[in-house]
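Chemist: Read top to bottom, the protein sequences are chains X and D. Note that the first sequence covers residues 1 to 140 in the working numbering. Note that the second sequence covers residues 1001 to 1140 in the working numbering. Every residue, glycine too, gets a C-beta built ideally from N, C-alpha and C. Fair warning: this is a prediction, and the values are worked out from it, not measured in the lab.
Protein chains: 2
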Amino acid sequence: MAGDISIGELSRRAGVKVTTIRFYEGAGLMPAPPRSEGDRRLYDAGHVRRLSFIRHARELGFEMEDLRTLLELSDRPDGSCGPVDEIAGRHLAAVEGKIAKLTALKGELSRMLETCNHGAVGECRVIEALADHSHCGGEH
Amino acid sequence: MAGDISIGELSRRAGVKVTTIRFYEGAGLMPAPPRSEGDRRLYDAGHVRRLSFIRHARELGFEMEDLRTLLELSDRPDGSCGPVDEIAGRHLAAVEGKIAKLTALKGELSRMLETCNHGAVGECRVIEALADHSHCGGEH
DNA sequence: CTTGCTCCTACAGTGACTGGAGGATGCAAC
DNA sequence: GTTGCATCCTCCAGTCACTGTAGGAGCAAG
Ligand SMILES: [Zn+2]
Ligand SMILES: [Zn+2]
Ligand SMILES: [Zn+2]
Ligand SMILES: [Zn+2]
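1) By Cβ distance below 8 angstroms, which residues in the same chain neighbour L67/X in space, the five residues on each side in sequence not counted?
2) How is G36/X classed by DSSP in three states: helix, strand or coil?
3) I1005/D bridges to which residues according to DSSP?
4) Can you tell me the Cα-Cα spacing of G1042/D and D1004/D, whole angstroms?
5) Which residue wins for smallest C-alpha separation from S1134/D, given the options K106/X, I7/X, S52/X?
6) Which value, in whole angstroms, describes the spacing of the CA atoms of I127/X and R90/X?
7) Where DSSP assigns a beta bridge to R1120/D, which residues make up the other side?
8) Rounded to whole angstroms, what's the CA-CA distance from M64/X to F23/X? Just pull it up for me.
9) Using 8 angstroms for Cβ pairs, my map puts S1074/D next to V121/X. What's the rounded Cβ distance?
10) Verify the contact flag: V84/X, CB atom, against every heavy atom of ligand 3, threshold strictly below 7 angstroms.
11) Any heavy atom of ligand 1 closer than 7 angstroms to the Cβ of R125/X?
12) Give every residue whose Cβ lies closer than 6 angstroms to any heavy atom of ligand 2, listed in chain order.
13) So, at 8 angstroms on beta carbons, what are the nonlocal neighbours of E1037/D in its own chain, with the 5 sequence-adjacent residues on each side left out?
14) Chain D beta carbons: is any one of them nearer than 8 angstroms to that of S80/X?
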């Protein structure tokens, strides 16, 4: 076919490494494409779209398990998008949870560093704070 | 000794699982303790302190490699705490970077979910937004 | 003596890739 | 026609920080 694309070209167009594409195939996220006579994978524009979708979802932090479900759902456009929105909602909640946790960590780390006089290790506030969690305001 | 503690007791006191303690020993974070006649590990209060330190640092997100360095440094209290503060500073910067990234993701996910009309998958804004990154304001 | 808990070693599995070995293919230049 | 290089192939090991399991041994109470 004129539209056939090598794995390297697919890699460039979707911004996903060649080894990762093969990994996705083994994991069932990308289909096993037809092969050339020399046993090379032959992709088309549909594969570029699918892989870009995967890449974007991964960048947004969706796990491969959720991704499998999202891909199945998007293959059947007539169904309700309820499950899609539910997955996205759960993920949003997880992201918010992570932000809250990291913000607490940030506070604790800043406080350690601000109060340290930068002298000997024996008097370092960072070491002291690490040794005794009760110095933290129960933030984590 | 009267002060000897089993690995299970150490686990309870420091809030770290037994298997994880053994893993830390193999990884060089915890020393190989003396053993009883029946080949069981015997710990003392110093081990509880060290393991609590490790646990707290891990909860704050320090990697094991940094932790190894922090433990070495805290064993020599006369040296300058510069390296300690540098590790903590680097880690703080990494945490801040993660927060920034996650906040961008949160914005993108919220926007997807808010604009979706919750109808068919074919018109789901979440699927559309995942398929086309140009809908995102270059946030990630 | 038996029950049930703790402990021992050693190894496989997690998630989401990444990197390398060792070889085959494809294509252009000389 | 052959040389050289990029790209491709499969298979496997490694990453991080654990977690869990199998298969056994130790130990105290009833
Ligand atoms: Zn300091
Ligand atoms: Zn703390
Ligand atoms: Zn929707
Ligand atoms: Zn995007």
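Modeler: Quick answer:
1) L29, I54, A57, R58
2) Per the sequence shown, the amino acid found at residue 36/X is Ser instead of Gly. Residue state, collapsed to three classes: coil.
3) Y1043/D
4) A quick correction: the sequence has Leu, not Gly, at residue 1042/D. Going by the C-alpha atoms only, they are around 6 angstroms apart.
5) S52/X
6) 37 angstroms
7) One point to set straight first is that residue 1120/D is Ala, not Arg, in the sequence displayed. A1120/D pairs with S80/X.
8) 12 angstroms
9) 6 angstroms
10) yes
11) yes
12) E108/X, H133/X, C136/X, H140/X, H1056/D
13) none
14) yes
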